[in-house]
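Novice: One structure is given below, represented as structure tokens, and several questions about it will come after.
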Amino acid sequence: MDVMGDKATLLETGRFVQPADFSESTGDLSQPMDRDETGEAAEEARQRLAAQSGDVEAMSVLGALLLRRGDLDGAEPHLRAATAAGDRAAANNLGVLLHQRGYAEDAAGWWRIAAVAGSAAAAHALGRHHRERGDEPAAEYWLRQSAEQGHALGAYALADLLEHRGDTGAEQWMRIAAERGHREAAYRLARALDRRLVPEGDVGDDHGAGAEAEQWYRQAAARGHRRAALHLGAILERRGALKEAGRWYLTSAKDGEARAACALGFLLRDAGDTESAAVWWLRAAQDGDGNAANALGALHAERGEPQTAERWYRAAMDAGDDNGAYNLGLLCAEQGRTAQAEQWYRRAAYAGHREAANALAILLLQGGDTAGAEPWFSKAAEAGSVDAAFNLGILFAGRGEEAVALRWYERAAAAGHTEAALQVGIARLRDGDEAEAERHLRCAAGGGSAEAAYRLATVLDARRPPVPAHSLGEPVHTEKSECEEWYERAASQGHRRAQVRVGMLAAARGDVVEAARWYREAAEAGSRNGAFNLGLLLAREGSDPEAAVWWARAADAGHGRAALRLALVYARRGELAEGQRWADRAVALGPAEVAERAARLRDALREELSA
1 MDVMGDKATL LETGRFVQPA DFSESTGDLS QPMDRDETGE AAEEARQRLA
51 AQSGDVEAMS VLGALLLRRG DLDGAEPHLR AATAAGDRAA ANNLGVLLHQ
101 RGYAEDAAGW WRIAAVAGSA AAAHALGRHH RERGDEPAAE YWLRQSAEQG
151 HALGAYALAD LLEHRGDTGA EQWMRIAAER GHREAAYRLA RALDRRLVPE
201 GDVGDDHGAG AEAEQWYRQA AARGHRRAAL HLGAILERRG ALKEAGRWYL
251 TSAKDGEARA ACALGFLLRD AGDTESAAVW WLRAAQDGDG NAANALGALH
301 AERGEPQTAE RWYRAAMDAG DDNGAYNLGL LCAEQGRTAQ AEQWYRRAAY
351 AGHREAANAL AILLLQGGDT AGAEPWFSKA AEAGSVDAAF NLGILFAGRG
401 EEAVALRWYE RAAAAGHTEA ALQVGIARLR DGDEAEAERH LRCAAGGGSA
451 EAAYRLATVL DARRPPVPAH SLGEPVHTEK SECEEWYERA ASQGHRRAQV
501 RVGMLAAARG DVVEAARWYR EAAEAGSRNG AFNLGLLLAR EGSDPEAAVW
551 WARAADAGHG RAALRLALVY ARRGELAEGQ RWADRAVALG PAEVAERAAR
601 LRDALREELS A
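Heads up: the sequence shown runs through residues 1 to 611, numbered per our numbering.
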């Protein structure tokens with residue numbers, strides 16, 4: 001078709017009926033844009049009178065009004081009349097009308113006429129038409145024409161085409177479309193900026209590309225983009241702005257985004273509102289969100305409702321969430337249904353669930369199948385399971401393969417596993433690498449390991465200069481050393497040797513009350529050294545009967561010195577037979593110097609008894 005009229009005479013009139021905002025990246029050319037209908041009836045009557053009098057612009061406007069309403073039969077004659085008179089807006093709208101009727105090629109012809117005449121909207125529609133038919137060069141040409149004229153939809157469609165081809169110019173046009181208010185462009189630009197942030201922790205930070213991504217998420221979310229609202233909520237949640245995060249999650253969830261409903265549920269749960277959390281999880285789970293179904297399963301499991309929990313775990317599994325099978329395994333294991341637990345662990349493990357692979361290996365190991373457990377531990381560890389790497393260390397250490405065990409311990413320790421760091425620290429101490437040992441012991445102790453805190457304290461203790469001895473009861477005002485602080489941390493966690501050592505340090509400072517407290521705590525927990533030292537402390541304070549009670553407990557637990565002390569106590573009391581009995585026990589328990597002294601005492605008591 002030939003272009004009607006001179007381009008210079010086809011002025012912009014605002015009468016274009018444009019395709020809808022392709023909010024989810026594709027769009028539909030058949031849908032005209034919505035428009036405020038206030039006063040439309042009066043406007044229609046006025047335009048109809050003008051059109052009847054031959055006003056071309058009125059014909060175009062009237063046709064656009066009827067097209068928006070869906071009255072294609074009423075709109076077509078007016079649009080054709082205005083098009084024939086050279087109105088490019090009418091030519092574009094006639095193309096929209098024909099496209100809605102299913103005459104795509106005829107529509108493209110009219111769009112071409114309007115586009116050549118300078119219509120950005122028609123150029124966009126024509127570009128989309130060519131892309132749908134696989135003619136990308138023609139599509140790019142017309143979309144570029146539209147975009148360069150400032151058309152937001154054209155800029156977005158061009159960016160989408162270029163991105164599909166891997167063209168670096170895509171981001172420039174996506175940014176232009178976003179700046180012109182296209183919400184999907186703003187969202188996709190934000191996603192591109194997010195993916196560019198390699199360090200995961202930087203996502204959502206207030207600097208660099210993270211801050212810019214957040215800006216575009218905000219723009220898209222403010223325009224009703226539910227996934228943008230979801231991502232904005234996640235950024236704010238990571239930052240700790242929980243109230244604002246909750247508002248965006250709520251906005252997204254109300255618009256039907258299941259992931260936002262699930263995230264809102266977790267936010268509410270963490271705030272202590274479990275009931276409201278369950279409501280949103282239910283909504284998300286019913287929309288097919290596996291994570292929400294798992295959360296509901298865990299909630300019912302905590303409430304002691306295993307059957308309901310199992311139903312939701314199965315729903316999560318049906319939604320494609322491998323955690324569902326893993327959680328079913330955990331549930332069965334807790335109920336003692338080992339065979340079913342193994343079945344579900346295997347299902348999740350074969351799907352690549354690393355913690356399920358680790359749990360399966362543990363289950364096999366507990367059943368005595370070491371050969372079957374090892375490959376699952378290895379698979380889980382290679383997939384990034386820290387616990388599996390630690391368990392492999394235990395497995396190889398049990399076989400005496402210390403070098404291999406250490407490699408796995410080091411791998412787990414590097415990922416923050418407390419007990420693995422302890423094992424590495426112990427190994428480095430054996431090798432004489434005190435600096436490396438201290439580093440790992442500090443990591444493990446900082447992670448809450450009482451044994452690591454104790455061993456770290458012993459390393460630091462060995463470096464301290466000798467402390468002057470003090471008489472018991474003498475007040476001493478000295479600050480606690482770092483090693484004593486670590487001893488106390490381990491002691492407060494119930495470490496018996498640390499409790500004894502803290503007691504000894506307190507006694508060295510002259511703090512009898514504190515020393516007695518720690519000795520007693522260790523002794524009552526079963527420490528024979530604690531019982532022996534408590535006995536010494538009580539004896540020095542003149543409480544011999546009570547001291548004998550604690551020495552008896554220590555001796556019964558195998559403490560040779562305590563047995564020797566009891567032998568001396570009974571000898572002094574004149575209870576020679578009882579003294580001899582404890583002396584015999586001390587000889588048997590040792591160590592060598594104790595056994596030697598006890599033997600001399602025993603012989604002396606025997607002579608006394610036979611005299």
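By construction, the Cβ of each residue, glycine as well, lies at the ideal position given by its N, Cα and C atoms. Just so you know, these numbers come straight off a predicted model, no measurement behind them.
1) Quick check: residue 413 and residue 443, are their CB atoms within less than 8 Å of each other?
2) Rounded to the nearest angstrom, what separates residue 230 and residue 154 at their Cα positions?
3) Going by DSSP in three states, residue 129 sits in which element: helix, strand or coil?
4) On the three-state DSSP scale, how would you describe residue 417?
5) Do you know offhand how far residue 68's Cα is from residue 265's?
6) Buried or exposed, going by whether 16 or more other CB atoms sit within 10 Å of the CB of residue 53?
7) Compute the Euclidean distance between the alpha carbons of residue 373 and residue 346, then round it to the nearest angstrom.
8) Buried or exposed, going by whether 16 or more other CB atoms sit within 10 Å of the CB of residue 251?
9) Considering just the uninterrupted stretch of the alpha helix (DSSP H) at residue 151, what are its terminal residues?
10) Given a threshold of 16 other Cβ atoms within 10 Å of its Cβ, counted over all protein chains shown, does residue 387 qualify as buried or as exposed?
11) For residue 619, which residues in the same chain have their Cβ closer than 6 Å to its Cβ, ignoring the five residues on either side in sequence?
12) Tell me the DSSP secondary structure of residue 345 in three-state form.
13) So what does DSSP say about residue 39, is it helix, strand or coil?
14) Decide if residue 588 is buried, meaning its Cβ has at least 16 other Cβ atoms within 10 Å, or exposed.
15) Quick one: complete alpha helix (DSSP H) runs, 4+ long, within the stretch 61–115?
16) Use the C-beta contact count for residue 511: other C-beta atoms within 10 angstroms, 16 or more gives buried, fewer gives exposed.
17) Exposed or buried, what is residue 609 when buried is set at 16 or more other beta-carbons lying within 10 Å of its beta-carbon?
18) Which value, in whole angstroms, describes the spacing of the CA atoms of residue 399 and residue 191?
19) Should residue 423 go down as buried or exposed, given a rule of 16 or more other Cβ atoms within 10 Å for buried?
20) Can you tell me which of the three DSSP states residue 480 falls into?
21) Applying the criterion that 16 or more other CB atoms from any shown protein chain within 10 Å of the CB defines a buried residue, is residue 297 buried or exposed?
22) Smallest Cα separation from residue 107: which of 91, 490, 216, 552?
23) So, for residue 364: in the same chain, excluding its five sequence neighbours on each side, which residues have a beta-carbon less than 6 Å away from its beta-carbon?
24) Considering only C-alpha positions, which residue in the set 119, 131, 165, 136 is nearest to residue 145?
25) Taking 8 Å as the cut-off, decide whether the C-beta atoms of residue 579 and residue 538 are in contact.
26) In this structure, does DSSP put residue 197 in helix, strand or coil?
27) Could you tell me whether the Cβ atoms of residue 115 and residue 123 are closer together than 8 Å?
28) Evaluate the contact criterion for the stretch 298–308 versus the stretch 317–324: three or more CB pairs, one atom per stretch, below 8 Å.
29) Mind checking residue 289: buried by the 16 CB within 10 Å criterion, or exposed?
Specialist: Taking the definition as stated:
1) It is a contact, given that the beta carbons lie within the stated cut-off.
2) Straight-line spacing of the CA atoms in residue 230 and residue 154 works out to 27 Å.
3) Shown here, residue 129 sits in a helix according to DSSP, grouped into three states.
4) Here residue 417 sits in coil by DSSP.
5) Between residue 68 and residue 265, the C-alpha separation is close to 41 Å.
6) It is exposed - the Cβ of residue 53 has fewer than 16 other Cβ atoms within 10 Å.
7) Cα to Cα, residue 373 sits roughly 12 Å from residue 346.
8) Per the 10 Å Cβ criterion, buried.
9) Per DSSP, residue 151 lies in no alpha helix (DSSP H) and is assigned neither H nor E.
10) Flag for residue 387 reads buried.
11) No statement about residue 619 is possible, as the shown extent of the chain runs from 1 to 611 and does not include it.
12) Helix, per DSSP.
13) It is coil, neither helix nor strand.
14) Burial call: exposed.
15) Counting only runs of 4 or more, we get 72–84, 88–101.
16) Residue environment: residue 511 is assigned as buried (16 or more neighbouring CB atoms within 10 Å of its CB, all protein chains considered).
17) A residue is called buried once 16 or more other Cβ atoms fall within 10 Å of its Cβ, and residue 609, having fewer, is exposed.
18) Answer to the nearest angstrom: the Cα atoms are 50 Å apart.
19) Buried, because 16 or more other Cβ atoms sit within 10 Å of the Cβ of residue 423.
20) Residue 480 falls in the coil class under three-state DSSP.
21) Counting every other CB atom within 10 Å of its CB across the protein chains shown gives residue 297 a total of 16 or more, marking it as buried.
22) If we check each option's Cα against that of residue 107, 91 comes out closest.
23) Closer than 6 Å at the Cβ level, and outside the excluded window around residue 364, lie 372, 373.
24) Taking only the C-alpha atoms, the option nearest residue 145 is 119.
25) Not in contact: residue 579 and residue 538 (Cβ atoms no closer than 8 Å).
26) Three-state DSSP puts residue 197 in coil, outside helix and strand.
27) The answer is yes: Cβ separation under 8 Å.
28) No contact exists between the stretch 298–308 and the stretch 317–324.
29) With 16 or more other CB atoms across the displayed protein chains lying within 10 angstroms of its CB, residue 289 is buried.
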